[in-house]
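Asks:
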Amino acid sequence: MRILYDGTIFNSQPYGGINRYFCNVIGALPKDWTPLLTTCESYKDNQPEHPNLEVHPCRWQFRPRRISNWLRYNYFKSIYNAKKFDLVHPTYYSLLSAEDLSHCPSPMVLTVWDMIHEHFPEQLDITGQQAALKEKAIHAAQAIICISQNTKKDLLERFTIAEEKVSVVYLASELDIKSSYGLETLPHQPYFLYVGTRYGYKNFEILLQAMAKLNKRHPEVQLCLVGSPLTGDEQALSKALNIEAQVVSLGYANDSFLAKLYRCSVAFIYPSLYEGFGIPPLEAMKCGTVVIASNASSIPEVVGHAGLMFAPHSSDDLLEKMFYVLENPGEREALIQKGFCQADKFSWQKAAQETMAVYQKVA
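Residue numbers (our numbering): 10 to 372.
1) From what residue to what residue does the beta strand (DSSP E) around ILE301 run?
2) Here's the rule I'm using: 16 or more other beta-carbon atoms within 10 Å means buried, otherwise exposed. How should ALA360 be labelled?
3) Pick from ARG226, SER307 and LEU217: whose alpha carbon is nearest that of CYS155?
4) For the beta strand (DSSP E) holding TYR203, just list the boundary residues, first then last.
5) Nearest to GLU144 by CA position, among GLN132, ASN159, GLN358 and THR120, is which residue?
6) For the alpha helix (DSSP H) containing MET365, name the first residue and the last one.
7) Assuming the contact rule is C-beta atoms closer than 8 Å, PHE201 and LEU232 should be a hit. Round their C-beta distance to whole Å, please.
8) Distance check for LYS330 and LYS354, CA to CA, integer angstroms please.
9) Reducing DSSP to helix, strand and coil, say where GLU63 ends up.
10) Please classify CYS296 as buried or exposed, where buried requires at least 16 neighbouring CB atoms within 10 angstroms.
11) What residues match up with ASP15 in a beta bridge as DSSP calls it?
12) Since THR206 and GLY236 should fall inside the 8 Å C-beta cutoff, what is the C-beta to C-beta distance between them, to a whole number of angstroms?
13) Under the DSSP definition of a beta bridge, which residues are partnered with VAL256?
14) For LEU216 and TYR208, which I take to be in contact (beta-carbon distance under 8 Å), what is that distance rounded to the nearest angstrom?
15) Quick test of your reading: PHE85 and THR47, contact by CB under 8 Å. State the CB separation rounded to the nearest angstrom.
16) Just to check my reading of the structure: TYR1 and LEU234 have Cβ atoms closer than 8 Å, yes? What is that Cβ distance to the nearest angstrom?
17) Kindly indicate which three-state DSSP category MET331 falls into: helix, strand or coil?
18) Tell me which residue opens and which closes the alpha helix (DSSP H) that TYR30 is part of.
19) Check whether the stretch 247-257 touches the stretch 167-187, counting contact only when three or more Cβ pairs, one atom from each stretch, lie closer than 8 Å.
20) Mind reading off the beta-carbon distance from VAL367 to VAL97? Whole number of angstroms is fine, and I expect it under 8 Å.
21) Measuring CB atoms only, is the stretch 280-287 touching the stretch 131-149, in the sense that at least three cross pairs come out at less than 8 Å?
22) Compute the Euclidean distance between the alpha carbons of ILE288 and ASP163, then round it to the nearest angstrom.
23) Compare the beta carbon distance of VAL230 and LEU335 with 8 Å and say whether it is the shorter of the two.
24) Please confirm whether GLY348 and GLY316 have their CB atoms less than 8 Å apart.
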């Protein structure tokens with residue numbers, strides 16, 4: 010079987026969860042299958058490995074970006090229309106026009122990652138362009154993969170499509186406790202950990218509010234952030250809440266340092282209002298810390314009964330969970346052990362096998 014993939018996600022998200030999903034799926038394909046990977050900017054070390062992998066890199070890095078995107082789209086379209094493949098699985102929606110989708114030359118499998126653009130258009134999709142591209146692809150696909158039951162529910166509520174077309178394939182994580190024993194220097198005080206972006210629907214402000222209340226009883230505890238530096242607004246809010254000294258930005262961390270930060274934290278906190286899946290809580294469980302997460306969207310599917318869930322709009326509920334973990338070391342250890350068991354339910358091998366089952370059903 011010959012399967013066509015575009016390189017969109019390899020270019021835009023070199024090391025994210027979607028990238029890892031496709032790397033693992035392509036790497037697990039039977040040895041007599043041929044994956045075709047097109048429109049990659051160059052053959053980087055983050056791309057998949059397969060003995061029959063055919064890579065068609067995009068060599069046109071013009072500026073302005075509009076010209077580069079136009080060339081990339083037309084290059085993909087020429088391969089797409091050549092019909093020399095049995096199945097197409099786009100990594101994202103941006104290289105498929107309405108015209109292309111109306112006469113798809115081979116069956117298409119589409120992965121729907123989330124409905125974030127539809128839930129929060131004012132934050133991520135003011136023009137509606139991303140949602141429109143996604144909708145056209147959804148209706149053109151012969152099979153759809155969702156990365157959580159919640160994403161599937163959102164999809165079926167929003168679009169008129171047959172439920173039998175939709176499968177759920179959970180993501181996974183390669184990060185684990187075995188990689189968490191490097192020489193990196195850790196914070197000197199006990200800390201809660203936050204990882205990732207912090208804008209809008211990530212609901213970061215509720216965490217700062219809870220930290221301000223926690224600080225009155227536990228002024229020694231810090232909130233350590235992995236990711237981009239604090240914005241001006243975040244700095245101003247931290248100062249207004251009198252926790253400027255407790256909020257520490259660590260910048261970006263490589264995998265071994267991140268695993269160590271997870272393992273040595275009091276707990277990992279995930280206050281997001283919406284996720285298609287939510288890899289950071291899974292990483293935290295695999296690395297041996299407690300997860301405190303919002304009881305929202307797909308997050309309970311990932312955490313199961315192995316973490317502490319809080320009402321996403323209640324800083325008091327979050328604060329209660331933070332106190333519980335800090336002040337009950339025995340219960341904290343029990344939750345860590347539950348987290349290891351919960352994390353074992355997710356693997357890239359399982360994700361790859363379930364994706365291949367969808368391929369075989371429609372090809």
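Built from N, CA and C at the ideal position, the CB exists for glycine as well.
Replies: In terms of the structure at hand:
1) On the sequence shown, residue 301 is found 292 positions in, with the first residue counted as 1. For ILE301, the enclosing beta strand (DSSP E) stretches over residues 300-303.
2) Taking the first residue of the sequence shown as position 1, residue 360 is located at position 351. Label assigned to ALA360: buried.
3) Here residue 155 refers to the residue found at position 146 when the sequence shown is read from its first residue. The option with the nearest alpha carbon to CYS155 is SER307.
4) The count along the sequence shown starts at 1 and reaches residue 203 at position 194. Counting along the chain, the beta strand (DSSP E) containing TYR203 begins and ends at 200-204.
5) One-based indexing of the sequence shown puts residue 144 at position 135. The option with the nearest alpha carbon to GLU144 is THR120.
6) Here residue 365 corresponds to residue number 356 of the sequence shown, with the count starting at 1. Element bounds for MET365: 357-371.
7) As a position in the sequence shown, residue 201 is number 192, starting the count at 1. As a position in the sequence shown, residue 232 is number 223, starting the count at 1. About 5 Å; that satisfies the 8 Å criterion.
8) Looking up residue 354 in the sequence shown gives position 345. Looking up residue 330 in the sequence shown gives position 321. Looking at the two C-alpha atoms, the distance is approximately 25 Å.
9) Taking the sequence shown and counting its residues from 1, the one referred to as residue 63 is at position 54. DSSP places GLU63 in strand when its eight states are reduced to three.
10) The count along the sequence shown starts at 1 and reaches residue 296 at position 287. Counting Cβ neighbours within 10 Å, CYS296 comes out buried, since at least 16 surround it.
11) Against the sequence shown, residue 15 aligns to sequence position 6. In DSSP, ASP15 forms a bridge with THR47.
12) In the sequence shown, counting from the first residue as 1, residue 206 sits at position 197. In the sequence shown, counting from the first residue as 1, residue 236 sits at position 227. That belief holds up - the Cβ atoms of THR206 and GLY236 are roughly 6 Å apart, short of 8 Å.
13) Locating residue 256 in the sequence shown gives position 247, counting from the first residue. According to DSSP, VAL256 bridges with LEU232.
14) Here residue 216 refers to the residue found at position 207 when the sequence shown is read from its first residue. Here residue 208 refers to the residue found at position 199 when the sequence shown is read from its first residue. Between TYR208 and LEU216 the Cβ distance is about 13 Å, and since that is not below 8 Å, they are no contact.
15) As a working mapping, residue 85 is identified with position 76 in the sequence shown. As a working mapping, residue 47 is identified with position 38 in the sequence shown. The Cβ separation is near 6 Å, so the contact holds.
16) Any answer about residue 1 is impossible in this case: the structure gives the chain only from 10 up to 372.
17) Translated into positions along the sequence shown, residue 331 becomes position 322. In the three-state DSSP reduction, MET331 falls in the helix class (H, G or I).
18) Locating residue 30 in the sequence shown gives position 21, counting from the first residue. Note, TYR30: alpha helix (DSSP H), 26-37.
19) Between the stretch 247-257 and the stretch 167-187 there are fewer than three inter-stretch CB-CB distances shorter than 8 Å, so the stretches are not counted as touching.
20) Here residue 367 is taken as the residue at index 358 of the sequence shown, counted from 1. Here residue 97 is taken as the residue at index 88 of the sequence shown, counted from 1. The pair is not a contact, with the Cβ atoms about 13 Å apart (cut-off 8 Å).
21) Taking a cut-off of 8 Å on C-beta distances, the stretch 280-287 does not touch the stretch 131-149, as fewer than three cross pairs fall below it.
22) As a first step, residue 288 must be located in the sequence shown, where it is residue number 279. As a first step, residue 163 must be located in the sequence shown, where it is residue number 154. For ILE288 and ASP163, the distance between alpha carbons rounds to 19 Å.
23) On the sequence shown, position 221 is the one that residue 230 refers to. On the sequence shown, position 326 is the one that residue 335 refers to. In this structure, VAL230 places its C-beta atom within 8 Å of the C-beta atom of LEU335.
24) Looking up residue 348 in the sequence shown gives position 339. Looking up residue 316 in the sequence shown gives position 307. In this structure, GLY316 lies closer than 8 Å to GLY348 by Cβ.
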